[in-house]
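K.L.:
So the protein lines, in turn, are chains P and S.
Numbering (the numbering used here) for the first sequence: 86 to 287.
Numbering (the numbering used here) for the second sequence: 86 to 287.
Note that CB positions come from ideal geometry on N, CA and C, so glycine has one too.
First the structure, which I've put down as structure tokens, then a few questions once you've had a look.
There are 2 protein chains.
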Amino acid sequence: MEPLTHRQQQILVWIQAQIAKQGLPPTRAELQEAFRFRSPNAAESHLRTLARKGYLTLQEGRARGIRLVSELVEEIGLPLIGRVPAGAPILAESQQEGRLPIDAQLFPGADYLLRVQGMSMRDAGILDGDVLAVQQSSEAHNGQVVVARIDGEVTVKRWRKEGHQVFLMPENPDFSPIEVDLRKQDLRLEGLVIGLLRLGGL
Amino acid sequence: MEPLTHRQQQILVWIQAQIAKQGLPPTRAELQEAFRFRSPNAAESHLRTLARKGYLTLQEGRARGIRLVSELVEEIGLPLIGRVPAGAPILAESQQEGRLPIDAQLFPGADYLLRVQGMSMRDAGILDGDVLAVQQSSEAHNGQVVVARIDGEVTVKRWRKEGHQVFLMPENPDFSPIEVDLRKQDLRLEGLVIGLLRLGGL
DNA sequence: ATAAATACTGTATAAAAATACAGTTACTGG
DNA sequence: CCAGTAACTGTATTTTTATACAGTATTTAT
């Protein structure tokens with residue numbers, strides 16, 4: 086989207102605040118008043134510019150016919166990823182089960198949700214079918230629960246790195262740790278698990 | 086709130102839909118058009134009535150100055166309950182840690198959120214500090230995870246009822262089942278656990 | 001250097017919108 | 001029975017609001 090000047094930013098932010106506070110987009114006269122313009126045309130031409138740059142649309146002939154595009158474009162919630170086929174990128178649309186209406190404040194930093202398959206993290210309280218909030222990251226501290234990809238396959242494990250060796254530790258005695266030599270095998274860190282969601286009864 | 090007639094309901098619902106769809110409250114003329122009134126005053130007097138009954142407010146002299154009261158009143162999210170003192174009602178304001186911005190669709194039917202204390206349900210994937218979504222209910226099926234209150238104390242366990250006996254089953258071998266004889270002891274079912282939320286890293 | 005874009009002032013005007021006043025018809029509770 | 005409310009029609013009149021046209025001073029890209 087075409088960048089805005091400082092003044093245009095100010096005006097756009099004020100319009101957003103106005104809509105939030107008043108429940109109504111402002112009129113040209115209100116904009117004029119707020120910014121102490123001596124002409125309504127100052128407001129008019131700013132609106133035209135913001136519309137031209139794609140930040141809002143003006144519905145002609147309608148009182149207060151200002152519509153913010155960000156409202157329309159901004160998708161609510163986070164995408165929920167189901168089964169990830171080996172080798173496919175996680176955020177490809179084909180894997181999306183849909184979107185869950187998660188408020189951004191609930192899991193700050195989360196980029197997507199991933200449905201857990203299997204019981205390898207049972208003792209960390211992560212059960213089959215649970216939904217994880219994942220923050221994309223290519224670095225992790227030892228002990229963090231991560232989403233990683235080995236040979237194309239996506240897995241959730243606890244991270245431990247020692248030199249060139251990475252250990253992906255399950256939390257269930259029925260499973261064995263996965264040991265990866267970074268010099269020999271391909272391992273990609275997809276993200277950090279920063280929250281968990283279990284939907285439906287238990 | 087004073088009840089609405091059928092017609093007034095229709096009009097209020099249409100206004101709500103209009104705001105959601107257009108991002109703008111309607112004008113009298115738009116209302117007139119939508120309901121095929123032959124006079125703008127039909128719209129005007131309906132608005133006055135809805136305002137008098139408290140469903141919306143009219144900002145005089147402003148184009149599209151209709152404001153729904155439900156928007157203002159409706160609190161977002163669900164209350165998060167922390168430590169519940171013995172005997173205190175769960176939803177008393179004093180226990181509230183705050184509110185979490187949970188969309189109603191995420192945990193349909195949830196009435197509040199309860200922070201878990203202790204590890205007695207560890208093997209059901211419910212850990213200390215987890216947040217449970219709870220639906221208020223005074224009945225449960227055997228096997229459901231419930232929030233119950235014995236002698237004023239709130240606890241989360243799996244429910245099993247056989248005649249006059251209720252067994253509150255932990256999911257951790259370090260804890261023992263709680264057996265309650267309904268004829269002798271006071272037990273109150275506070276609600277059913279219908280979801281779980283773990284915030285922050287693992 | 002210079003044409004274009006930004007950021008305005010100043011004046012006007014037509015269309016959109018709110019709103020007042022005067023009625024009619026039907027139903028509803030005391 | 002009859003006053004009050006609901007649900008309108010019909011007309012009129014301000015205000016609000018959008019928006020056109022004609023300028024000016026600065027900054028920015030080429």
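1) Which residue from G194(P), Q190(P), A209(P) and V216(P) puts its Cα closest to that of G183(P)?
2) Starting from the Cα of G203(S), find the closest Cα among K242(S), Q190(S), I235(S) and Q220(S) and give me that residue.
3) For P186(S), return the contacting residues in chain P, with the cut-off set at a CB-CB distance below 7 Å.
4) Using only the alpha-carbon positions, how far apart do L109(S) and G139(S) sit?
5) Using DSSP's beta-bridge definition, name the partner residues of Q65(P).
6) For a contact meaning CB atoms closer than 7 Å, what does L253(P) contact in chain S?
7) Just verifying my parser: in three-state terms, what is the DSSP assignment at L165(P)?
8) Identify each residue in the region 128-148 of chain P for which the Cβ-Cβ distance to at least one residue of chain S is less than 7 Å, and report them in chain order.
9) Contact defined as beta carbons within less than 8 Å: I believe I96(S) pairs with L135(S). What is the distance between those atoms, to the nearest angstrom?
10) Thinking C-alpha only, which one of N257(S), G228(S), D259(S) and E256(S) is nearest K246(S)?
11) Helix or strand or just coil, what does DSSP make of I211(P)?
12) Closest to H131(P) by CA distance: which of R147(P), L116(P) and E238(P) is it?
13) Between which two residues does the beta strand (DSSP E) holding E238(S) run?
14) Do L132(S) and the ligand GTP come close, with the Cβ less than 7 Å from some heavy atom?
15) Buried or exposed: where does K269(S) fall if 16 or more other Cβ atoms within 10 Å of its Cβ makes it buried?
16) Please state the DSSP three-state secondary structure of T142(S).
17) Using 8 Å for Cβ pairs, my map puts A209(P) next to V231(P). What's the rounded Cβ distance?
18) At least one CB of chain S closer than 8 Å to the CB of I211(P): is that the case?
19) Hey, quick one: how far does the alpha helix (DSSP H) through F192(P) stretch, first residue to last?
20) Give a yes or no on whether the C-beta atoms belonging to L212(P) and I166(P) are separated by under 8 Å.
21) At a Cβ threshold of 8 Å, is Q101(P) touching chain S?
22) One question on the structure: do F192(P) and G285(P) come within less than 8 Å of each other, judged by their Cβ atoms?
23) Using a Cβ-Cβ cut-off of 6 Å (strictly less than) and excluding sequence neighbours within five positions of Q221(S), which residues of its own chain qualify?
24) Nearest to F260(P) by CA position, among L274(P), D271(P), R273(P) and T240(P), is which residue?
25) Using a Cβ-Cβ cutoff of less than 8 Å, which residues in the same chain neighbour G194(S) once the five nearest sequence positions on both sides are dropped?
26) Could you tell me which of R152(P), L141(P) and L89(P) sits nearest to Q107(S), measuring between CA atoms?
27) The alpha helix (DSSP H) spanning P104(P) covers which residue range?
28) Please name the residue, chosen from V154(S), P111(S) and N126(S), that lies closest to R137(S) on a Cα-to-Cα basis.
29) Can you tell me which of the three DSSP states E115(P) falls into?
30) If you draw a straight line from the C-alpha of I187(P) to the C-alpha of V98(S), how long is it?
31) List the DSSP bridge partners of L284(P).
32) Measuring alpha carbon to alpha carbon, tell me which residue in R207(S), P174(S), I161(S) and Q181(S) is nearest Q190(P).
P.N.:
Quick look at the numbers:
1) V216(P)
2) K242(S)
3) D188, Q190 and L191
4) 20 Å
5) Because chain P in this structure spans residues 86 to 287, residue 65(P) falls outside the shown range and cannot be described.
6) Within chain S, no residue comes near L253(P); the closest Cβ sits about 14 Å away, beyond 7 Å.
7) strand
8) A148
9) 7 Å
10) G228(S)
11) coil
12) L116(P)
13) E238 to E247
14) Of the ligands one can find in the structure shown there are none, so the ligand GTP has no counterpart to examine.
15) exposed
16) strand
17) Contact flag wrong, Cβ pair sits at about 12 Å.
18) yes
19) Per DSSP, F192(P) belongs to no alpha helix (DSSP H) and is neither H nor E.
20) no
21) no
22) no
23) D196 and G276
24) T240(P)
25) Q220 and I279
26) R152(P)
27) It is Ile, not Pro, that sits at residue 104(P) in the sequence shown. Its alpha helix (DSSP H) spans residues H91 to Q107.
28) V154(S)
29) helix
30) 26 Å
31) G280(S)
32) I161(S)
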